[in-house]
Structure formats: structure tokens, C-alpha cells
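Structure, as C-alpha cells:
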Amino acid sequence: LRVQQHSAQHETELRLLEQSLQQAQQEIAVRQETLQRHEQQLRHNELELRQLHSQLAAGQERLQQLNHWRNECEQLNQELRAQREVNSAQEAELREVTIRLEETRMTAEEKQRMLINSEQRLTSQFENLANRIFEHSGRKVDEQNQQSLDRLLLPLREQLDGFRRQVQDSFGQEARERHTLTHEIRNLQQLNAQMAREALNLTKALKGDNKTQGNWGEVVLSRVLEASGLREGHEYETQVNVRLDHQSRMQPDVIVRLPQGKDVVIDAKMSLVAYERYFNGEDEREREAALSEHIASLRGHIRLLGRKDYQQLPGLRSLDYVLMFIPVEPAFLLAID
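Counting in my numbering, the sequence shown runs from 1 upward without gaps.
Below, the structure is given as C-alpha cells:
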């Protein structure tokens, strides 16, 4: 009987254990299903996170490009202001030349009036002298008196003719000088208009074309290197294509060949728009905002250049750093100050 009781008790405990096991298995299944859903959600979140990172990187690059475009206009605006100052100086010079021309014209007219008056006085004196001679000689003048009269009047006639030639030469010289001065003024006006058009065309080109903007910075960098005594193709090279693999390549702006087989990479970056807004700001708050944007743009260029790792390019014996060239020195000085 006791054995039967123990057996029944064991069977009861066994059924309870089986029920507990089934409940545990069901709970495990539910938790596994929940875990799978969480894993799927986690993978989905990771995918969304990668997409957001990609979108953020693209947005940052676009923002850097926009900052780059804005900053690159500063130098153009500065050059345009300088050109306007030159134009103002030329206009002032033109006004001065015009005033001198008007004074010369008035002086010439006054000389002309004086010469005409002198000629009239000489003519009147000549007529009076002739009348007196005729009155003195009488109405009948013989050949001898006529010759004497001619000898008497010949010096006066020659003097009058010489005076008339002098007047004509003076007017001719003044007319030639006025024509030359007018021609020079016209050339100065045409040159002024041409310089204004060229400055405007350069401003439009550098504002609207990224390739033109980059080329302009590279041209300035090349001129600086040439002014330093370096020769392209010898001490430095431009736009060198360096292949990383079959599908990608890098193209640094300039590689300078240093002594002892060393290289250094220089990349030109323009940052002008915020710089222009800083100088044209109407109040201190606007200037401070533009200055912060200008500094942020330069830092963005530095980060972008750092990610390219030009110093790690294969085939280069580069130093462990890369130089960034800013073609507008005042923009650089403003940022570091």
C-alpha cells in the first residue's frame, strides 16, 4: 500500500513536472519568437541607421559644397570692389582730362579772338597808312612813286602774311592736340568698359561653374609656385592621376618634388562667400555669423582633405601631411585670427 502511495505521488509529481516543462517550452518558444522579432527589428534599425549615415554624409558634403561656393565668391567680390575703385579713379581722371580739354578749348578760342582782333587792327592800320600815302602823293602817282610805295608797303605785307600763317599754324596744332586728346579719352573709356565687363564675366563664371572655380584656384597656385622659381614638369607636377584600383583613382592638384626623393601634396581650396558677407555685413551680428560660417567652411575643407589621405597614395614618397592652399590670403588671415 505504501509503495502504491509513493507510486501515485511520483506519478502526480511527474505530471506536474511535465506540465511545468510544457509551460517552460511554450514560454521559451514565445521568447524565441519575441527574440526573432527583436532581431529583425534590430536589423531593420541597423539598415535605417546606415541609410541615415549615408544621407548625413551626402548632406554634409552638399553643405560643404554650398559653403565652398559661397566662400569662393568673396575674392571675386573683393576684386570687383577693387575694380570699381580703379574705375572711380579712372572716371576722376577722365573728368580732370575733360576739364583740361575744356580749358584748352576756351584758351584756344580766346587766342583766336585775340589773333582776329590783331589782324583787324593791322589791316586797319595798313589801310590808314595807305590812305595817308595816297593823300600825300596825290591822285596821280607815277611809276617811281608806285615803286617807292611798293617798297614801303612790302615789309608790312610780309609781316601781315607771316602773322596770318602763324595764326593758321596755331589753330592747326591746337586742332591736332584736341583730336589726339579726344582719341585718348575714347580709348580710356573703352578700356574702362572692357575691364568692367571682364570683371563681371569672371564673377559670373566663378559663381556658376565649379570646374571654373577649381581651375582658378589651381591657376593661382601654379603662379605662386612659378614665382617661387619652381618649374612645372621638373620641380612640381599638376593633376597627377594616381590609381588606387581598377575602378577608382585620385587626382591631387599639385605634387611638389622635394630633394632626397620626397614629395609633398598641395590641394587648392576656395572659401569666399562667407568672407564676402563678413566684409559687407551691415551690423556686428551679421558679421559674426558670416565669420563663423567662414571658419566652419575652412574646417570642412580641412576635414574633407584629411579623408582623402593623399599622403598615403601608392607610388608617392610623400611627407606625413598634405598642404591646403587658399588662393585668397586675406580670407586665410581672417580665419586664423
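From the three backbone atoms N, C-alpha and C, an ideal C-beta is built for every residue, glycine too.
Coarse secondary structure for residue i, derived from DSSP in three states
i	result
V141	Confidence is the limiting factor: at V141 the pLDDT is only 45, short of 50, which leaves the residue's position unreliable, though a coordinate-based value still follows. Looking at V141 - three-state DSSP - the assignment turns out to be coil, as it is neither helix nor strand.
E232	strand
L313	coil
R95	helix
Q19	helix
A227	helix
F134	Per-residue confidence for F134 stands at a pLDDT of 49, beneath the threshold of 50, marking its modelled position as unreliable; the derived number appears in the next sentence. Note: F134 maps to helix in three-state DSSP.
Beta bridge counterpart(s) of residue i as assigned by DSSP
i	result
D267	M324
R243	R249
K262	L258
T238	V254
E318	Here residue 318 turns out to be Ser, not Glu, going by the sequence shown. Answer is D263, bridged to S318.
Among the options, nearest to residue i - alpha-carbon criterion
i	options	result
S297	I336, V97 and N187	I336
E293	R81, L334 and K262	L334
L221	A268, E109 and G162	A268
S318	I28, Y310 and A57	Y310
Q239	D245, E288, A92 and Q251	Q251
R277	M324, E39 and N71	N71
V97	T182, H38 and Q23	T182
R176	R105, L230 and N187	R105
D161	R186, Q173, Q120 and N187	Q120
For residue i, the first and last residue of its enclosing alpha helix (DSSP H)
i	result
Y275	V273 to N280
R299	E284 to K308
P330	E329 to I336
C-beta atoms of residue i and residue j nearer than 9 angstroms
i	j	result
V242	G306	no
N67	A289	no
H301	Q60	no
V328	L291	no
N77	F279	yes
M270	Q75	yes
R257	E282	no
V219	I266	no
F332	V254	no
L313	L244	yes
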